[in-house]
Structures are given as structure tokens and as C-alpha cells.
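K.L.:
Please read through the structure below; I'll follow up with questions.
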Amino acid sequence: MTKTRLFRLWLALGSVFMILLIIVYWDSVTLSYGTFENKRNSVHIKGPFSVEADPSRFRSIHCRLYPDTPWCPRTAVF
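Residues in the sequence shown are numbered consecutively from -14, following the numbering used here.
Pasting the structure below:
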């Protein structure tokens, strides 16, 4: 194989792989958070937990979506 054909094959396989990833993970949501230059990169959302108790806001988002979860406060007002 020449370098050009190999590169084209790599591009084609990469495209197929990306399409498969999109199909497989289409219904998925990924959340992440972190700190960059002393600024927090997180979702700004009201929730039953303070930012100190829930810095990723995962628990707050989870309790909004699934309020009947045992560890979610029952008196939470959103």
C-alpha cells in the first residue's frame, strides 16, 4: 500500500468509527467539571446541595431528574 492509500483507508475507518460512536452514544449525556485558571467549569443549577457539598452538581442534577432517589432530600424546592 502506498502512503496515500493507507491514509485514505485510515480516514475511512476513522469516519466509520466516529459514525458508530455517534450511533451507540446518541442517547447518552456526559457531564464533567473542573477548574481552569481558578474558575470553576460546572453547570450553574439550583439544587438541594451546596456547591461545597456537590461541586460537580451531579447529585443536584440527579435529584432534579429522579427526586424519589433515597439520598435526595424530600424537602427540596427547585
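Yeah, the Cβ is synthetic: ideal placement off N, Cα and C, and Gly gets one too.
Being a predicted model, the structure only gives us computed values, none of them experimental.
(1) By how many angstroms is the C-alpha of G32 removed from the C-alpha of A38?
(2) Where do the ends of the alpha helix (DSSP H) carrying F43 lie?
(3) DSSP three-state call for R59: helix, strand or coil?
(4) For T20, which of helix, strand or coil comes out of DSSP?
(5) Taking 6 Å as the limit between beta carbons, can you name the residues of its chain near R44, skipping five residues before and five after?
P.N.:
This is what the structure holds:
(1) Residue mapping note: residue 38 aligns to position 53 of the sequence shown, counting from 1. Residue mapping note: residue 32 aligns to position 47 of the sequence shown, counting from 1. Roughly 11 Å separates the two Cα atoms.
(2) Within the sequence shown, residue 43 is the residue found at index 58, counting from 1. Counting along the chain, the alpha helix (DSSP H) containing F43 begins and ends at 43 to 50.
(3) Locating residue 59 in the sequence shown gives position 74, where the first residue counts as 1. The answer is coil: DSSP assigns R59 none of H, G, I, E or B.
(4) Taking the first residue of the sequence shown as position 1, residue 20 is located at position 35. In the structure shown, T20 sits in a strand (DSSP, three-state: E or B).
(5) For the purposes of this step, residue 44 is taken as the residue at position 59 of the sequence shown. Hits under 6 Å: F34.
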